[in-house]
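Beneath this line is the structure, given in structure tokens, with notes to follow.
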Amino acid sequence: MQCVVIFSVVLSAVLFSADAWRATLHRDSGFRGGSIDVSGNGCVNVGKDFNDRTSSVNTHGGCIRIYQHGNCLGDMKELFPGSAAHDNLRALGFNDKLTSIGPCPRRRREVPYSLRK
């Protein structure tokens, strides 16, 4: 019985945290200016203070998708470890356009096989 309870808790943690992400939005490029921490388990609309006012994003080593419109609609850019321009969204054509954030598909968050060796 105890094993079933432990298994249920572990399974729930895996299922419900699969889309969890975290990011810090900055008003200015180079991770400067005012900032706000945002996190979620799916799509999140940013508050009015940072809507269309974000110039750099720290993904804390994770993968996120940033969207031009609310509810994760419109033009989208994917930011993940190794991708360019986290510190300068202008280089992606996305300066002061971010309105919502969501997780990357699982395939992007998984470590490539070549890195596991």
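Quick note, the sequence shown lines up with residues -20 to -1, 1 to 97 if you use mature numbering (1 follows the signal peptide of the UniProt record, and there is no 0).
Glycine residues also receive a C-beta, built at the ideal position from the N, C-alpha and C atoms.
Please read these numbers as outputs of a predicted model, since none were measured by experiment.
Cβ-based neighbour list, residue i, same chain, cut-off 6 Å, excluding 5 preceding and 5 following
i, result
"P83", "D(-2) and W1"
"G13", "H6 and R7"
"L66", "In the sequence as displayed, the identity of residue 66 is His instead of Leu. Answer for H66: V37 and L59, listed in chain order."
"N21", "D(-2) and A(-1)"
"T39", "A3 and L59"
Residue i, DSSP secondary structure in three states
i, result
"N75", "coil"
"R33", "coil"
"G42", "coil"
"N25", "strand"
"S80", "strand"
"G10", "helix"
"G62", "coil"
"A(-8)", "Because the pLDDT at A(-8) is just 42, under 50, the model does not fix this residue reliably, and the point stays unresolved."
Own chain, CB closer than 8 Å to residue i, minus 5 neighbours either side, in chain order
i, result
"V26", "L5, I16, V18, T34, L78, T79, S80 and I81"
"M56", "R45, I46, Y47 and Q48"
"V24", "V18, S80, I81 and G82"
"N51", "C23, N25 and S80"
Whole-Å CB distance - residue i paired with residue j, under 8 Å assumed
i, j, result
"I46", "F74", "7 Å"
Identity of the residues DSSP links to residue i by a beta bridge
i, result
"R2", "S19"
"L53", "H49"
Close Cβ partners of residue i (< 7 Å) along its chain, the five nearest in sequence each way excluded
i, result
"A71", "A64 and A65"
"S9", "S35, S36, D67, N68 and R70"
Heavy atom of the ligand MN within 7 Å of residue i beta-carbon
i, result
"T39", "The model on display carries no ligand, and the ligand MN is accordingly not part of it."
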